[in-house]
């Protein structure tokens, strides 16, 4: 309940007309890989609605691992292998070259692209990406995914999506709350749901089609499930007291949540198909903020049963509980990295709230952020980056950091504040 109140207060401080996230890179890696993304050829009708190469360039630059070559410095504009003159790109100290073109198909559009290792003078990647006529940005992000995976060995996540909340001040201390979804670069932003009552803790189902969140539209906190494709909303809870912190199981068939209907706040698990509930924790303390381990056999959560908020883990089969965190006087809002090797959390030490990662095997904690009042971490599906809410110049923004702390960027909104980010799974 304390956590929910803090979130609501932070939302009440927002004043936005629209979110419209922008990108500000604040830290990159030393000696990034030089790459040239040549403007893609366009063979469709009229003029292309989007600059595909520019989107790919921005995606790769945002990782901090790549240094795209300026178009003004390019000595040619090849669109296929036969037009590539390696000497031109060696003169610019380019490591890799990406060329391509967009062609119309019966179903929409296709991007054909190739990547070359300039110094070995060989093709290292050739691929095609299909999409409809209105999905040029998504096509570009998928090309970025392919290039990134080839060069790093890590699956790209540029074609995934972000979910977050903004609030619009109507005057007299009243707000309109918006649940928004966008591409990972802040583009293609759209409103999922709008309410005059607070919205908090949005979360994605593993299928990328459903989300769950808490709404206060029924005069009390209630958990809703929302199908993004059909727009159908289903109220899942309406119990007295606290209904909050929904978290999807890895198979998408269950939803962990916090309910206080039986007394103190405890962790429950709901079967989505039958709506049956199973109580997982039974303690007079506040147990909240559940998150599933990747195998679906246990849940980690925040509890103050030891006097201050710390992370605990409960095994669902037998109810066995154990404390996970011991360093710091506050650890909360835990999220598990996709491979299960670490836990991302809000960590307080010496009075400052930062995002940190606990190495589960070693038990060591690595602080990832240097700002203050950092909260609501959400991890990319490839485990390479995490998104979180923070303050910058007195304003609530979203920010991102790589899990090794080597890359950082901000996503402030052009208007007002945004909170409660959730990074989607891979989209179908």
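Residue numbers (the working numbering): 80 to 507. Glycine included, C-beta positions come from ideal geometry on N, C-alpha and C.
Take residue 119 and list the residues in its own chain whose beta-carbon comes closer than 6 Å to its own, dropping the five residues that flank it on each side.
For residue 119, where only same-chain residues beyond five positions count, the Cβ hits under 6 Å are 131, 132, 179, 180, 181.
Residue 496 versus residue 503: straight-line alpha-carbon distance, rounded
One C-alpha to the other measures close to 20 Å.
Since residue 129 contacts residue 216 with CB under 8 Å, what's their CB separation in whole angstroms?
Going by Cβ atoms, the distance from residue 129 to residue 216 rounds to 5 Å, so yes, they are a contact pair.
Whole beta strand (DSSP E) elements within the region 232-262, 3-residue minimum:
For the beta strand (DSSP E) assignment, the uninterrupted runs of no fewer than 3 residues enclosed by the region 232-262 are, from N- to C-terminal side, 240-250, 253-262.
Would you kindly work out how many angstroms separate the C-alpha atoms of residue 315 and residue 328, rounded to a whole number?
Whole-angstrom Cα-Cα distance: 15 Å.
Just list the residues that DSSP pairs residue 421 with in beta bridges.
Beta-bridge pairing links residue 421 to 438.
Identify every run of the beta strand (DSSP E) within the region 285-355, keeping only runs that are complete inside it and at least 3 residues long; order them along the chain.
Correct list: 289-294, 301-306, 312-314, 322-327, 333-338, 345-350.
Quick one: what does DSSP say residue 451 is sitting in, helix, strand or coil?
Secondary structure of residue 451 (DSSP, three-state): coil.
Kindly confirm or deny that the region 159-168 and the region 189-203 touch, where touching means at least three C-beta pairs closer than 8 Å.
Contact holds between the region 159-168 and the region 189-203, because three or more Cβ pairs, one in each stretch, are under 8 Å apart.
Rounded C-alpha distance that separates residue 452 from residue 375:
About 30 Å.
Jot down the residue ranges of each uninterrupted beta strand (DSSP E) in the region 132-207, minimum 3 residues, whole runs only, in chain order.
If we require 3 residues or more, the beta strand (DSSP E) runs fully inside the region 132-207 come out as 145-147, 175-183, 188-196.
For residue 210, collect the residues of the same chain with a Cβ closer than 7 Å to its Cβ; drop the 5 residues on either side in sequence, then sort them by chain order.
Only residues of its own chain outside the window of five on either side were considered, and among them 187, 188, 217, 218 have a CB closer than 7 Å to the CB of residue 210, listed in chain order.
Cβ neighbours of residue 286 in the same chain (closer than 8 Å, five flanking residues each side left out):
If we look at residue 286 and ignore the five residues flanking it on each side, its Cβ neighbours are 331, 504, 507.
Output the boundary residues of the beta strand (DSSP E) element that contains residue 404.
Where residue 404 is concerned, there is no enclosing beta strand (DSSP E), given that its DSSP letter is neither H nor E.
When you compare the CB positions of residue 389 and residue 377, do they come within less than 7 Å of one another, or not?
7 Å or more divides the Cβ of residue 389 from the Cβ of residue 377.
Would you mind working out which of 154, 114, 473, 156 sits nearest residue 139, comparing C-alpha positions?
Among 154, 114, 473, 156, the Cα nearest to that of residue 139 belongs to 114.
Put residue 498 into one of helix, strand or coil per three-state DSSP.
In the three-state scheme derived from DSSP, where H, G and I count as helix and E and B as strand, residue 498 is classed as strand.
For residue 100, which residues does DSSP report across the bridge?
Per DSSP, 492.
Three-way DSSP call (helix, strand, coil) for residue 479 in this model
Strand, per DSSP.
CA nearest to the CA of residue 149, picked from 176, 125, 159
Closest option to residue 149, Cα to Cα, is 176.
Pick out whichever of 387, 348, 423, 355 has its Cα sitting closest to the Cα of residue 394.
Answer by Cα proximity: 348.
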